[in-house]
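In the working numbering, the protein residues as written are 149 to 303.
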């Protein structure tokens, strides 16, 4: 019963706070994302590595808009990072970056979106535990981040 009440309250709460309907959702380890039909992303939950993308590192129990990111067509989340695919085929990431899972050429955590370097013509994205994936229009799969178990597919 407790979980049913939580689900109902969350559903009512989110539908009231997001002024237009969400078209896609994604769940990370301790955070959630919603892509609205207007191409903006809204996030909530834990934010200890900046995975909410609002420029801060404080937990949010209500949806906040990801900073400086529009024209998004797809979202994905890893355990501690978030991803967005824009209509121009570029990929944007934010959050934990200890294994380079953000793809920006650094190991620096990001509290706002950064573009994945040298990656264009992407049509789909996915986030793993500490890695990220992209499918390009030519059918190739690109992967970056942690490779503990061979999840990058390059060994």
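All C-beta atoms in this analysis are idealised placements derived from N, C-alpha and C, irrespective of residue type, glycine included.
Model, not experiment: these values are computed from the prediction.
CB of residue i within 9 Å of CB of residue j, strictly
i, j, result
"residue 235", "residue 214", "no"
"residue 216", "residue 208", "no"
"residue 187", "residue 248", "no"
Top-ranked residue by Cα proximity to residue i, from the options
i, options, result
"residue 257", "222, 290, 278", "278"
"residue 302", "281, 271, 285", "281"
"residue 198", "284, 266, 246, 299", "246"
"residue 193", "185, 187, 174", "174"
"residue 296", "210, 276, 200, 285", "276"
"residue 269", "250, 239, 253", "239"
"residue 222", "237, 211, 210", "237"
"residue 177", "170, 191, 285, 255", "191"
"residue 205", "254, 259, 267", "259"
Anticipated Cβ contact below 8 Å, residue i with residue j, distance rounded
i, j, result
"residue 241", "residue 264", "6 Å"
"residue 261", "residue 232", "7 Å"
Beta-bridge partners of residue i, as assigned by DSSP
i, result
"residue 293", "279"
"residue 188", "Answer is none; residue 188 lacks a bridge partner."
"residue 241", "231, 262"
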